[in-house]
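Here the structure is laid out as structure tokens; the discussion comes afterwards.
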Amino acid sequence: MAKMFVDERILTLFKRNAHHTLTYWSVFFSFGLCIAFLGPTILDLQCQTNSTLNQITWVFFSQQFCLLIGSSVGGVFKRTLFSALAALFVSTLIISVIFAIIPLCNNVLLLAVAMAVSGLAMGIIDTIANIQLVTIYQKDSAVFLQALHFFIGFGALVSPLIADPFLSETGCGNHTGNGTETMHHFRNMLRNSPIAEHNITQSHLPHEGGEEESSVHYAFWIMALINLPVPIAVLFLMYREQLIPCCPSTTPRLLDKDELAMENQQGAEGPDVEHEHEAGGHGDIFSCCQNDNLRGLPVSFFMIHILGGMVLFMTDGIVGAYAGFVYTYGVAPPMSLPHKTAGYLASIFWAAITAGRLLSILLSYHFQPVRLLMFNLAGAIVTVLMLLIFYTSSIFLFVGTCLCGLFLSSIFPCMLAYTEDILDYRGCATTVLVTSAGMGEMVMQVLVGSIIQTKGSYSFLLCGMIIACAGFILFIGLLLFHQMHRNYLTGTAKTSAMVQEPATKESKTEQKEEKESS
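The sequence shown begins at 543 in the numbering used here and counts up one residue at a time.
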């Protein structure tokens, strides 16, 4: 049955690398668990740390900033199979430990430090898993990257579902500040209709019955236990590969056969292509930026890296901001949803991302990544626009959240496969894109959180619209530089062929003269 949907060659590749692939997928489940829990629990953590929404927003920043650092330096651990798997084992174990100690963080500084450590672990996981799958499967990596990012969505779906039963119903009543009424004229302009009156001061009034005691710490302890099998799975792979230090074995280079095949191919392609190979290598971001490796390359080569990274800066920024603040938006006027009802928004968003990535595994067989990217970016813009228009409809908020998750779900793996294919797997696209995506989540969460605090809840959707449009414009620029790079490669190939043709004719003439003389 699987052969009807999956190429037999792909199945053979998967079977050959099944244990490694499944392990990388499982560590991304840990990544998903850790990335999604802050959104629905943010108001409970705000109560736990006695902080404001603006202060708790910096917890997002600390996690995303260290995720960026981890993504930047994660390539250092890919040198050997032992170092890669050891880094994954330590990182996934750290995530369980952080979940366990979050309930003990009674001020925002301690919570920010805990989130920073988890972010560092997440960044290392992100870089290593992406790089290894691209290195293993090369031009067939699109399908496996879609599956890899499906597991992020799966972990991110599980996290809010676990947290939801333990969320307090009232919170602290300290949400979006006094900026809500500032945005009323924007709503009126957009809808071109009278706006229903809302009790703007509702979020400042004390809740009846006093503050409810939070039991969200149970959710974190449950997530810590659920995550424990992941480091055990990594440890088991190390055992099977005879990489446990107590076992006598040498540490093999990661993917020796693949590297040898690439070297043989490089030798066959000649010295001109050899220089371009040197510019690549999926290492850390600092080795990618060494000047000696970048000489003689066209502008289009650099612009593909930059624009691809900027598109993901925007789109992953939307994912981080939406997952982080859709709950806050839902409980604030004009929605004013019950806290537990709004808690389902993050679950629906991550469920849609999970379903979208699962669907994209099949779609990637039939459509090129560039087509999927165009469709998804356009769909995200239309969805956010509809959310802006129907801002008073709680039903459409749930529908729009689902659609937003579906359209945003496969942008990262599609962009990764697209740019790596453009550059023929010789650039630093994986490292640059992972780093840019992490930077986008870090910056956009802080930026959107600060704007919501000062301007009101409606600015949440305005920010999403502006960011989505900017991402689409950058993607159009990427398509233009793709065409320029293709023209450059075509011209280089023709020049090489013209140089080789006279040499071949001269060689044949010499051979003919030698035969005649003999």
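The C-beta atom is built at its ideal place from N, Cα and C for all residues, glycine as well.
Legend entry - Own chain, CB closer than 7 Å to residue 993, minus 5 neighbours either side, in chain order: If you number the sequence shown from 1, residue 993 lands on position 451. For residue 993, where only same-chain residues beyond five positions count, the Cβ hits under 7 Å are 1001 and 1005.
Legend entry - Extent of the continuous alpha helix (DSSP H) to which residue 950 belongs: Here residue 950 refers to the residue found at position 408 of the sequence shown. According to the DSSP assignment, residue 950 belongs to the alpha helix (DSSP H) that extends over 936-950.
Legend entry - Rounded separation between residue 868 and residue 888 - CA only: Position 326 of the sequence shown, counted from the start, is the residue given in the question as residue 868. Position 346 of the sequence shown, counted from the start, is the residue given in the question as residue 888. Straight through space, the alpha carbons of residue 888 and residue 868 are spaced by roughly 7 Å.
Inset, instruction - Go to residue 626, then tell me how far its alpha helix (DSSP H) extends in each direction, as first and last residue. - result: One-based indexing of the sequence shown puts residue 626 at position 84. First-last of the alpha helix (DSSP H) with residue 626: 623-643.
Legend entry - For residue 663, the nearest candidate out of 952, 1009 and 980 (CA to CA): Translated into the one-based positions of the sequence shown, residue 663 becomes position 121. Here the closest residue by C-alpha is 980.
Legend entry - Buried/exposed call for residue 861, threshold 16 Cβ in 10 Å: In the sequence shown, the residue the question calls residue 861 occupies position 319. Classification for residue 861: buried.
Legend entry - Euclidean distance between Cα positions of residue 954 and residue 876: Translated into positions along the sequence shown, residue 954 becomes position 412. Translated into positions along the sequence shown, residue 876 becomes position 334. Looking at the backbone, the Cα of residue 954 and that of residue 876 are separated by about 32 Å.
Legend entry - Of the residues 757, 605, 787 and 840, the one placed nearest residue 704, counting alpha carbons only: Counting from one through the sequence shown, the residue named residue 704 turns up at place 162. That would be 757, whose Cα lies nearest to the Cα of residue 704.
Inset, instruction - Please report how far the alpha carbon of residue 643 lies from the alpha carbon of residue 857, in whole angstroms. - result: By 1-based counting over the sequence shown, the position of residue 643 is 101. By 1-based counting over the sequence shown, the position of residue 857 is 315. So the two alpha carbons sit approximately 31 Å from each other.
Legend entry - Sequence-distant residues of its chain with Cβ nearer than 6 Å to residue 559 (five each side left out): Translated into the one-based positions of the sequence shown, residue 559 becomes position 17. Taken in chain order, the residues that qualify are 678.
Legend entry - Length of the line joining the Cα atoms of residue 1065 and residue 766: In this structure the chain extends from 543 to 1060, so residue 1065 is not present and cannot be described.
Inset, instruction - Select from 556, 631, 660 and 555 the residue whose C-alpha is nearest the C-alpha of residue 607. - result: On the sequence shown, position 65 is the one that residue 607 refers to. Cα-wise, what sits closest to residue 607 is 660.
Inset, instruction - Please go through the same chain and pick out, in chain order, the residues whose beta-carbon is closer than 7 Å to the beta-carbon of residue 682, but skip the five residues on each side of it. - result: Start at 1 with the first residue of the sequence shown, and residue 682 comes out as number 140. Only 552 and 555 meet the Cβ criterion.
Inset, instruction - Compute the beta-carbon to beta-carbon distance between residue 923 and residue 1010, rounded to the nearest angstrom, for a pair I have assumed lies under 8 Å. - result: Here the question's residue 923 lines up with position 381 in the sequence shown. Here the question's residue 1010 lines up with position 468 in the sequence shown. Yes, they are in contact, since the Cβ atoms of residue 923 and residue 1010 sit about 5 Å apart, within 8 Å.
Legend entry - Beta-carbon proximity list for residue 1026, same chain, < 7 Å, skipping 5 on both sides: Residue 1026 sits at position 484 when you count from the first residue of the sequence shown. Excluding positions up to five away in sequence, the list reads 842.
Inset, instruction - Compare the Cα-Cα distances from residue 959 to each of 587, 949 and 975 and report the closest residue. - result: One-based indexing of the sequence shown puts residue 959 at position 417. Comparing C-alpha distances from residue 959 to each of 587, 949 and 975 shows the shortest one belongs to 975.
Inset, instruction - Determine the DSSP secondary structure at residue 910, reduced to helix, strand or coil. - result: Start at 1 with the first residue of the sequence shown, and residue 910 comes out as number 368. Residue 910: coil per DSSP, three-state reduction.
Inset, instruction - Verify whether the separation of the beta carbon atoms of residue 897 and residue 565 is less than 8 Å. - result: To locate residue 897, count along the sequence shown from 1; it is residue 355. To locate residue 565, count along the sequence shown from 1; it is residue 23. The Cβ atoms of residue 897 and residue 565 lie no closer than 8 Å to each other.
Legend entry - residue 555 in three-state terms, based on DSSP: The residue given as residue 555 occupies position 13 in the sequence shown. The DSSP-derived three-state label of residue 555 is helix.
Legend entry - 7 Å CB neighbourhood of residue 587 in its chain, flanking five on each side removed: Position 45 of the sequence shown holds residue 587. For residue 587, same chain residues with a beta-carbon under 7 Å away, outside a window of 5 residues either side, are 598 and 653 in chain order.
Legend entry - Helix, strand or coil at residue 788 [DSSP, three-state]: Position 246 of the sequence shown, counted from the first residue, corresponds to residue 788. Secondary structure at residue 788: coil, using DSSP grouped into helix, strand and coil.
Inset, instruction - Within the same chain, show all residues whose beta-carbon is closer than 8 Å to that of residue 763, passing over the 5 residues directly before and after it, in chain order. - result: On the sequence shown, residue 763 is found 221 positions in, with the first residue counted as 1. Cβ within range, chain order: 641, 642 and 645.
Legend entry - Close beta carbons around residue 949, own chain, < 7 Å, minus the five adjacent residues each side: Numbered from its first residue, the sequence shown carries residue 949 at position 407. Excluding sequence neighbours, residue 949 sits near 918, 921, 922 and 925.
Legend entry - Given residue 670 as reference, the closest of 687, 942 and 1029 once Cα atoms are compared: Locating residue 670 in the sequence shown gives position 128, counting from the first residue. 687 is the residue among 687, 942 and 1029 whose C-alpha sits nearest the C-alpha of residue 670.
Legend entry - Neighbour-count burial assignment, residue 913, 16 or more Cβ in a 10 Å radius: Within the sequence shown, residue 913 is the residue found at index 371, counting from 1. Exposed, since its Cβ has fewer than 16 Cβ neighbours within 10 Å.
Legend entry - Below-8 Å beta-carbon distance, residue 648 vs any chain C residue: The chain labelled as chain C is not found in the depicted structure, where only one protein chain is given.
Legend entry - Among 984, 1018, 1019 and 939, nearest to residue 885 - alpha-carbon criterion: On the sequence shown, position 343 is the one that residue 885 refers to. For residue 885, the closest of 984, 1018, 1019 and 939 by C-alpha to C-alpha distance is 939.
Inset, instruction - Please name the residue, chosen from 785, 626, 698 and 1034, that lies closest to residue 951 on a Cα-to-Cα basis. - result: The residue labelled residue 951 in the question sits at position 409 within the sequence shown. Nearest of 785, 626, 698 and 1034 to residue 951, Cα basis: 698.
Inset, instruction - Given a cut-off of 8 Å, decide if residue 873 and residue 1020 are closer than it, judged by their beta-carbon atoms. - result: On the sequence shown, residue 1020 is found 478 positions in, with the first residue counted as 1. On the sequence shown, residue 873 is found 331 positions in, with the first residue counted as 1. No, Cβ-Cβ distance for residue 1020 and residue 873 is not below 8 Å.
Inset, instruction - Would you kindly report the start and end of the unbroken alpha helix (DSSP H) that includes residue 649? - result: Indexing the sequence shown from 1 puts residue 649 at position 107. Per DSSP, residue 649 belongs to no alpha helix (DSSP H) and is neither H nor E.
Legend entry - Proximity to residue 701 [Cα-Cα], best of 866, 673, 615 and 844: To locate residue 701, count along the sequence shown from 1; it is residue 159. Considering only alpha carbons, the answer is 866.
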